[in-house]
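Beneath this line is the structure, given in structure tokens, with notes to follow.
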Amino acid sequence: MIESKYFQMAVAAAKRGTDTWTNPQVGAVIVKDQQVLSVGYHHQYGQHHAEIDALAQLDDISQAKGATMYVTLEPCSHYGKTPPCAKRLAEVGIARVIIGQLDPNPIVSGKGVAMLKSHGIKVDILDDSQGLNRAYNYYYQHQRPLITLKYAMSLDGKINGAQRKRTLLTETAAQQDAQQLRRQQQAILVGEHTLTIDDPRLTVRTSLPMAFPPIRAAVVHHVDDVDVNSHLFDQSAPTWFFSETMSARKLPENVHVFVKANWTPAAVVQSLANHGIQSLLVEGGSRLQADFIAADLVDELVVYVAPTILGGDGLPAAVGQALSGPTHFETPTISMLGPDIRIQTKRV
Ligand code: AOF
Ligand code: ZN
Numbered sequence: 429m430i431e432s433k434y435f436q437m438a439v440a441a442a443k444r445g446t447d448t449w450t451n452p453q454v455g456a457v458i459v460k461d462q463q464v465l466s467v468g469y470h471h472q473y474g475q476h477h478a479e480i481d482a483l484a485q486l487d488d489i490s491q492a493k494g495a496t497m498y499v500t501l502e503p504c505s506h507y508g509k510t511p512p513c514a515k516r517l518a519e520v521g522i523a524r525v526i527i528g529q530l531d532p533n534p535i536v537s538g539k540g541v542a543m544l545k546s547h548g549i550k551v552d553i554l555d556d557s558q559g560l561n562r563a564y565n566y567y568y569q570h571q572r573p574l575i576t577l578k579y580a581m582s583l584d585g586k587i588n589g590a591q592r593k594r595t596l597l598t599e600t601a602a603q604q605d606a607q608q609l610r611r612q613q614q615a616i617l618v619g620e621h622t623l624t625i626d627d628p629r630l631t632v633r634t635s636l637p638m639a640f641p642p643i644r645a646a647v648v649h650h651v652d653d654v655d656v657n658s659h660l661f662d663q664s665a666p667t668w669f670f671s672e673t674m675s676a677r678k679l680p681e682n683v684h685v686f687v688k689a690n691w692t693p694a695a696v697v698q699s700l701a702n703h704g705i706q707s708l709l710v711e712g713g714s715r716l717q718a719d720f721i722a723a724d725l726v727d728e729l730v731v732y733v734a735p736t737i738l739g740g741d742g743l744p745a746a747v748g749q750a751l752s753g754p755t756h757f758e759t760p761t762i763s764m765l766g767p768d769i770r771i772q773t774k775r776v
């Protein structure tokens with residue numbers, strides 16, 4: 429019998445893995461005679477997989493014999509950072525595995541199930557991801573990261589009050605929400621103007637520390653024109669520049685420069701995809717936003733609207749020659765964060 433409560437326990441366990449970086453969040457529950465014997469999950473990128481964590485929580489490994497495992501993702505079949513979980517489940521005598529979703533990663537996909545079956549393990553596939561690993565799934569389906577565009581604007585649609593000035597529009601609750609949004613990303617991208625005007629940190633400033641913070645990325649003309657005292661050189665997180673020219677300066681160890689004559693949004697996204705990045709948050713400025721929308725490289729949109737009419741000659745969101753017509757999004761989800769409005773929507 430498949431019991432959804434055990435599967436839900438595995439899903440809840442998976443969500444406890446908050447530092448899995450480009451590896452999936454996975455949870456596993458071992459059940460025998462209607463008793464939960466152990467619960468495990470993938471804690472952190474590079475550490476052992478959920479199935480092995482669940483086995484490690486058993487009082488005695490012999491308890492696994494004849495037991496059922498509920499696991500949110502297909503057990504792996506490859507020798508990666510760790511040996512194949514499917515093989516280990518067979519060795520310890522797991523009799524049945526109930527899987528949430530097949531692994532979209534081609535090194536495993538279908539092969540994990542085949543390995544389990546070849547050892548006589550009974551397998552059921554629920555075809556239910558429960559919303560886990562959205563970026564991971566997206567990346568393997570589309571061969572590029574899931575891209576979210578985020579900005580804050582005034583009631584008159586502006587992202588700053590004067591063209592060459594940083595304007596803080598939203599209040600604490602919206603700022604904290606934006607930090608949570610950053611937390612969910614593997615890379616955060618800004619354009620050259622934003623870099624020069626705002627000198628952003630592009631770090632995640634939430635109470636829970638991150639072992640794998642998002643990569644800070646910036647598209648610039650010449651990396652050596654970027655002020656040496658910019659926050660992006662502070663070594664607080666890996667930093668990637670997409671520049672037309674190489675650097676002649678000695679850059680900090682965690683700064684990497686990718687060189688190409690013309691960094692279009694598609695080229696930046698392709699480069700990130702080639703480096704295994706599954707999620708990207710595009711922040712500012714106005715021109716970069718427009719270029720990404722025009723290139724049809726915005727999957728999701730998060731906009732904070734502050735109850736202020738800025739006036740002045742500041743820039744509206746998403747302005748650029750490339751963006752010559754409308755782009756449609758789904759009916760948004762709206763919420764209030766203190767005095768600010770949060771709008772979230774998806775590309776239709
Ligand atoms: C995980 N955690 O609980 C499961 C994973 O780089 P490796 O060797 O750790 O392998 C990562 C792949 O292993 C991952 O893309 C997925 O296909 C599979 N399963 N990975 O990190 C887990 N079950
Ligand atoms: Zn595994």
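With this note's numbering applied, the sequence shown has no gaps in its numbers, which climb one by one up to 776 at the end. Glycine included, every Cβ here is placed at the ideal spot set by N, Cα and C.
Below 8 Å on the Cβ atoms is my contact criterion, and I expect A601 with T631 to pass it. Report the Cβ-Cβ distance as a whole number of Å. Residue numbering aside, residue 601 sits at position 173 when the sequence shown is read from its first letter. Residue numbering aside, residue 631 sits at position 203 when the sequence shown is read from its first letter. With a Cβ gap of about 19 Å, A601 and T631 do not count as contacting.
In the DSSP assignment, the alpha helix (DSSP H) including T736 goes from what residue to what residue? Taking the first residue of the sequence shown as 1, we reach residue 736 at position 308. That residue, T736, is in no alpha helix (DSSP H); it is neither H nor E in DSSP.
How about E507 and V459: are their beta carbons less than 8 Å apart? The sequence position of residue 507 within the sequence shown is 79, counting from 1. The sequence position of residue 459 within the sequence shown is 31, counting from 1. First, the amino acid is wrong: residue 507 is Tyr here, not Glu. No. Outside cutoff.
Is it buried or exposed for Q485, if we count other Cβ within 10 angstroms and need 16 for buried? As a position in the sequence shown, residue 485 is number 57, starting the count at 1. Answer is exposed; the Cβ neighbour count stays below 16.
Verify whether the separation of the beta carbon atoms of P642 and Q603 is less than 8 Å. The residue labelled residue 642 in the question sits at position 214 within the sequence shown. The residue labelled residue 603 in the question sits at position 175 within the sequence shown. In this structure, Q603 does not lie closer than 8 Å to P642 by Cβ.
Find out if the Cβ-Cβ distance for the pair K509, G474 is shorter than 8 Å. For the purposes of this step, residue 509 is taken as the residue at position 81 of the sequence shown. For the purposes of this step, residue 474 is taken as the residue at position 46 of the sequence shown. Closer than 8 Å, so yes.
With a threshold of 8 Å on Cβ separation, who are the neighbours of E681 within its own chain once the five nearest residues in sequence on each side are excluded? Here residue 681 corresponds to residue number 253 of the sequence shown, with the count starting at 1. Hits under 8 Å: Q663.
Can you give the beta carbon distance from H650 to R715, rounded, assuming they're within the 8 Å contact cut? On the sequence shown, position 222 is the one that residue 650 refers to. On the sequence shown, position 287 is the one that residue 715 refers to. The Cβ separation is near 17 Å, so there is no contact.
In chain order, what residues of the same chain lie with their CB nearer than 6 Å to the CB of H684, ignoring the 5 residues before and after it? Working through the sequence shown from its first residue, we reach residue 684 at position 256. Correct list, in chain order: W668.
Nonlocal neighbours in the same chain, by C-beta distance under 7 Å from A639, ignoring five residues either side: As a first step, residue 639 must be located in the sequence shown, where it is residue number 211. These residues qualify, in order along the chain: D447, Q472.
Alpha-carbon to alpha-carbon, P744 and G585: In the sequence shown, counting from the first residue as 1, residue 585 sits at position 157. In the sequence shown, counting from the first residue as 1, residue 744 sits at position 316. CA-CA distance, G585 to P744, rounds to 5 Å.
Own chain residues within Cβ distance below 6 Å of Q778, not counting five before or after: Because the chain in this structure spans residues 429 to 776, residue 778 falls outside the shown range and cannot be described.
Leaving out five residues before and five after H477 in sequence, what residues of the same chain have Cβ atoms less than 7 Å from its Cβ? Here residue 477 is taken as the residue at index 49 of the sequence shown, counted from 1. These residues qualify, in order along the chain: V454, H470, C504, T510, C513.
Any chance you could list the beta strand (DSSP E) runs of at least 3 consecutive residues sitting entirely within the segment 663 to 748, in chain order? With a minimum length of 3 residues, the continuous beta strand (DSSP E) runs that stay inside the segment 663 to 748 are 667 to 671, 683 to 687, 707 to 710, 728 to 733.
Just to confirm my understanding: we take L693, look at its own chain, exclude 5 residues before and 5 after, and list those with CB closer than 7 Å. What are they? One-based indexing of the sequence shown puts residue 693 at position 265. It is Pro, not Leu, that sits at residue 693 in the sequence shown. If we look at P693 and ignore the five residues flanking it on each side, its Cβ neighbours are D719, F720, A723, L725.
Report the residue from Q462, Y434, I553, G468 whose alpha carbon sits nearest the alpha carbon of A482. As a first step, residue 482 is located in the sequence shown; it is residue number 54 there, counting from the start. Nearest of Q462, Y434, I553, G468 to A482, Cα basis: G468.
Measure from the alpha carbon of M429 to the alpha carbon of each residue in R633, E672, G548, D552, then state which is nearest. Counted from its first residue, the sequence shown places residue 429 at position 1. Comparing alpha-carbon positions, the option among R633, E672, G548, D552 lying closest to M429 turns out to be D552.
At a threshold of 7 Å, does P503 count as lining the ligand ZN (C-beta to nearest heavy atom)? In the sequence shown, residue 503 corresponds to position 75, counting from 1. For the ligand ZN, at least one heavy atom lies less than 7 Å from the Cβ of P503.
Between which residues of its own chain and A523 is the CB-CB distance below 7 Å, once the five residues before and five after are set aside? Residue numbering aside, residue 523 sits at position 95 when the sequence shown is read from its first letter. Scanning its chain for C-beta atoms nearer than 7 Å, with the 5 sequence neighbours on each side dropped, one finds around A523 the residues G494, A495, T496, I549, K550, in chain order.
Are the CB atoms of G742 and G589 within a distance shorter than 8 Å? As a position in the sequence shown, residue 589 is number 161, starting the count at 1. As a position in the sequence shown, residue 742 is number 314, starting the count at 1. Going by C-beta atoms, G589 is nearer than 8 Å to G742.
So, helix, strand or coil for G540, using DSSP? Counting from one through the sequence shown, the residue named residue 540 turns up at place 112. Note: G540 maps to helix in three-state DSSP.
List the DSSP bridge partners of S763. Taking the first residue of the sequence shown as position 1, residue 763 is located at position 335. For S763, the beta-bridge partners assigned by DSSP are R770.
Thinking C-alpha only, which one of A676, T755, L708 is nearest D652? In the sequence shown, the residue the question calls residue 652 occupies position 224. Closest option to D652, Cα to Cα, is A676.
Starting from V464, follow the alpha helix (DSSP H) in both directions and report where the run begins and ends. For the purposes of this step, residue 464 is taken as residue 36 along the sequence shown, with counting starting at 1. Run containing V464: none in the alpha helix (DSSP H); it sits in the beta strand (DSSP E), 463 to 469.
Counting along the chain, where does the alpha helix (DSSP H) carrying K509 start and finish? Working through the sequence shown from its first residue, we reach residue 509 at position 81. First-last for K509: undefined, no H or E at that position.
Helix, strand or coil for F640? Go by DSSP, reduced to three states. The residue given as residue 640 occupies position 212 in the sequence shown. Coil, per DSSP.
Should R594 and I616 be called a contact, given that it needs their Cβ atoms to be closer than 8 Å? Position 166 of the sequence shown, counting from 1, holds the residue named residue 594. Position 188 of the sequence shown, counting from 1, holds the residue named residue 616. Result no, Cβ atoms of R594 and I616 do not sit closer than 8 Å.
Residue range of the alpha helix (DSSP H) that includes D627: Looking up residue 627 in the sequence shown gives position 199. Where D627 is concerned, there is no enclosing alpha helix (DSSP H), given that its DSSP letter is neither H nor E.
Mind checking who R524 pairs with in its DSSP beta bridge? Counting from 1 along the sequence shown, the entry for residue 524 is found at position 96. In DSSP, R524 forms a bridge with T496, K550.
Output the distance between the C-alpha atoms of A778 and L660, rounded to the nearest integer angstrom. With the chain covering 429 to 776 only, the question about residue 778 has no answer from this structure.
Could you tell me if the beta carbon of T452 falls within a distance shorter than 7 Å of some heavy atom in the ligand AOF? Sequence index remark: in the sequence shown, residue 452 carries index 24 (1-based). One detail in the question is off: residue 452 reads as Pro in this sequence, not Thr. Checking every heavy atom of the ligand AOF against the Cβ of P452, one is found closer than 7 Å.
Does DSSP put L574 in a helix, in a strand, or in coil? Here residue 574 corresponds to residue number 146 of the sequence shown, with the count starting at 1. Here L574 sits in strand by DSSP.
Quick one: what's got a C-beta closer than 6 Å to A645's C-beta in the same chain, skipping five residues either side? Working through the sequence shown from its first residue, we reach residue 645 at position 217. Once the five neighbours on either side are set aside, the close Cβ partners of A645 are A615, L617, W668.
Using CA coordinates, which residue listed in Q612, Q462, I587, R516 is at the minimum distance from Q717? By one-based count along the sequence shown, residue 717 stands at place 289. Closest option to Q717, Cα to Cα, is I587.
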